[in-house]
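In our numbering, the protein residues as written are 698 to 905.
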Amino acid sequence: MSESAKYLRRAPRRSDIKSVWVGLRPLVKPTENEGSNTKELSREHTILVSRSGMVTVTGGKWTTYRAMAEDVLDKCTQCDLLVKTRQGLTRNLRLLGADSDMATIRPIYEAPGWHSYGSEQDFIKTLPGAEQELCPGLTQAMVRFAARYEYAMTVEDVLARRSRLLFLDARLAGELAVEVGCLLGEETENNPQVENFKALSVNYLLKS
Numbered sequence: 698m699s700e701s702a703k704y705l706r707r708a709p710r711r712s713d714i715k716s717v718w719v720g721l722r723p724l725v726k727p728t729e730n731e732g733s734n735t736k737e738l739s740r741e742h743t744i745l746v747s748r749s750g751m752v753t754v755t756g757g758k759w760t761t762y763r764a765m766a767e768d769v770l771d772k773c774t775q776c777d778l779l780v781k782t783r784q785g786l787t788r789n790l791r792l793l794g795a796d797s798d799m800a801t802i803r804p805i806y807e808a809p810g811w812h813s814y815g816s817e818q819d820f821i822k823t824l825p826g827a828e829q830e831l832c833p834g835l836t837q838a839m840v841r842f843a844a845r846y847e848y849a850m851t852v853e854d855v856l857a858r859r860s861r862l863l864f865l866d867a868r869l870a871g872e873l874a875v876e877v878g879c880l881l882g883e884e885t886e887n888n889p890q891v892e893n894f895k896a897l898s899v900n901y902l903l904k905s
């Protein structure tokens, strides 16, 4: 908070903080010749091949997972573990939901968060609850979409791993747990683990 106050017009108050969390990044253990300070460690991924032929990729980050996968396959062909039949295509493959028509992409500030779904947003609007907004950026239809097409089974899957609401407003996420759980109950036969999520969300609140 004190650091943020240096750059904001008004110093933030504790009541302004809606969620508290930390992101962890796996780093490759340094060799004896490298520094142990985490600031000095490489953020790049490392590929190791054991004597048994097991290939391991460590480090890296989610945003470069395609490059990591391609490098692993290249390493496998270099070690004669695989036969390379063609050049990798991942560099030019579009992600699911990518829209080639930029004119149809909604602005990021447009409610209720359709921009997140790219070319799939029109389909989601046909699902039940497209007009029922649970909170800004999340509709009942989006919960149903997560259950039907994104393998979401629990409230945590939806509110932490699909909508990311838990990391934006932990209290609101906890309040929505029951309603999201009911929607998941209509879509799947799994236990949505409502109470588990409510207990989890408390850990993301700033302690007094």
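Even glycine gets a Cβ: it sits at the ideal position worked out from N, Cα and C. In this text, all values refer to a predicted model and were calculated from it rather than measured experimentally.
Reference residue i, options the options, closest by Cα
| i | options | result |
| --- | --- | --- |
| Cys879 | Asp866, Thr851, Leu786 | Thr851 |
| Asp777 | Glu884, Thr761, Val752, Ser699 | Val752 |
| Asp768 | Val754, Lys758, Gln829 | Val754 |
| Asn893 | Met765, Leu705, Arg706, Gly871 | Gly871 |
| Arg791 | Ser816, Leu770, Trp759 | Ser816 |
Under the three-state DSSP convention, the category residue i falls into
| i | result |
| --- | --- |
| Cys832 | strand |
| Val754 | strand |
| Val719 | coil |
| Thr823 | coil |
| Leu745 | strand |
| Asn887 | coil |
| Glu892 | helix |
| Val780 | coil |
| Tyr762 | helix |
| Tyr848 | coil |
| Leu793 | coil |
| Lys772 | helix |
| Val899 | helix |
| Met839 | helix |
| Val877 | helix |
| Gly650 | Outside the displayed range of the chain (698 to 905) lies residue 650, so it cannot be described from this structure. |
| Asp713 | helix |
Cβ-based burial, residue i [other Cβ within 10 Å; buried from 16]
| i | result |
| --- | --- |
| Ile821 | buried |
| Tyr901 | buried |
| Thr836 | buried |
| Gly750 | exposed |
| Val891 | buried |
| Gln818 | buried |
| Glu853 | buried |
| Ser747 | exposed |
| Leu881 | buried |
| Val840 | buried |
| Ser701 | exposed |
| Ser699 | exposed |
| Ala849 | buried |
| Pro889 | buried |
| Trp811 | buried |
Supposed contact pair residue j and residue i - C-beta distance, whole angstroms, cut 8 Å
| i | j | result |
| --- | --- | --- |
| Val877 | Leu856 | 6 Å |
| Gly756 | Leu724 | 6 Å |
| Tyr814 | Gly794 | 6 Å |
| Glu884 | Arg858 | Actually they are not in contact, since the Cβ atoms of Glu884 and Arg858 sit about 16 Å apart, beyond 8 Å. |
| Lys895 | Ala874 | 5 Å |
| Gly826 | Ala843 | Going by Cβ atoms, the distance from Gly826 to Ala843 rounds to 12 Å, so no, they are not a contact pair. |
| Cys832 | Leu863 | Rounded, the Cβ-Cβ distance is 12 Å, inconsistent with contact. |
| Gly774 | Lys781 | One point to set straight first is that residue 774 is Thr, not Gly, in the sequence displayed. So it is a contact: roughly 4 Å between Cβ atoms. |
| Leu903 | Arg763 | With 8 Å as the limit, Leu903 and Arg763 do not qualify as a contact, their Cβ atoms being about 36 Å apart. |
Cutoff 7 Å: residue i Cβ touching any chain B Cβ
| i | result |
| --- | --- |
| Cys776 | Of the chains in the structure shown, none is chain B; there is only one protein chain. |
Measuring CB atoms only, is the region 712-721 touching the region 739-746, in the sense that at least three cross pairs come out at less than 8 Å? no
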